[in-house]
Amino acid sequence: MSVNRIVNPQGLPEPVGFSHAVATDGSRVLYVAGQTGRRADGSIDDDLVAQFRQALATVAACMEEAGFPPESLARMVIYTTDVATYRNSLGPIGAAYRELFGRHFPAMALFGVAELFEADAHIELVATAVMD
Numbered sequence: 015m016s017v018n019r020i021v022n023p024q025g026l027p028e029p030v031g032f033s034h035a036v037a038t039d040g041s042r043v044l045y046v047a048g049q050t051g052r053r054a055d056g057s058i059d060d061d062l063v064a065q066f067r068q069a070l071a072t073v074a075a076c077m078e079e080a081g082f083p084p085e086s087l088a089r090m091v092i093y094t095t096d097v098a099t100y101r102n103s104l105g106p107i108g109a110a111y112r113e114l115f116g117r118h119f120p121a122m123a124l125f126g127v128a129e130l131f132e133a134d135a136h137i138e139l140v141a142t143a144v145m146d
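In my numbering, the protein residues as written are 15 to 146.
In structure tokens, the structure reads:
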């Protein structure tokens, strides 16, 4: 059972696709390392949205394997080498997110970076899940 509480104080801008904060009383924490859009066979799609979906599916698989339900996702940091494409792809990115995590939106941040460790990656996700 998740013990995360979404915190969106009145007076702040309306969060769309994220939450301003997540409070937790949980005793189990899962730290998911940076995940890119690389598939199990080593291939990677060149499309940023496809990479986002695959990276998110990898995060979800790590959570499921560790026994953490989707609503236990408390925090996600997104690193991208192409902020403009990410911004222009919010519709399909949001659809991919909702397909895997529904309308549970953790605290999120996005950072534009010059490059990622995997040279052909356009996106990398780092996640934290918390539950009782």
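For every residue, glycine included, the Cβ atom is placed at its ideal position computed from N, Cα and C.
Everything numeric in this text was worked out from a predicted model, so none of it was measured.
- In the three-state scheme derived from DSSP, where H, G and I count as helix and E and B as strand, residue 127 is classed as coil.
- Runs of the alpha helix (DSSP H) spanning 4 or more residues and lying entirely within the segment 19-94 occur at 62-79, in chain order.
- Judged by DSSP in its simplified three-state form, residue 113 adopts helix.
- In the structure shown, residue 141 falls within a strand segment according to DSSP collapsed to helix, strand and coil.
- In the structure shown, residue 133 adopts coil according to DSSP, grouped into three states.
- Residue 65 counts as buried, since no fewer than 16 other beta carbons sit within 10 angstroms of its beta carbon.
- Of the residues assessed, residue 21 falls on the exposed side of the cut-off, its CB having fewer than 16 other CB atoms within 10 angstroms.
- With a cutoff of 8 Å on beta-carbon distance, residue 144 and residue 86 are scored as near each other.
- Sixteen is the threshold: when 16 or more other Cβ atoms of the shown chains lie within 10 Å of the Cβ of residue 138, as they do, the residue is buried.
- CA-CA distance, residue 129 to residue 94, rounds to 8 Å.
- Residue 112 and residue 56 have their C-alpha atoms spaced approximately 25 Å apart.
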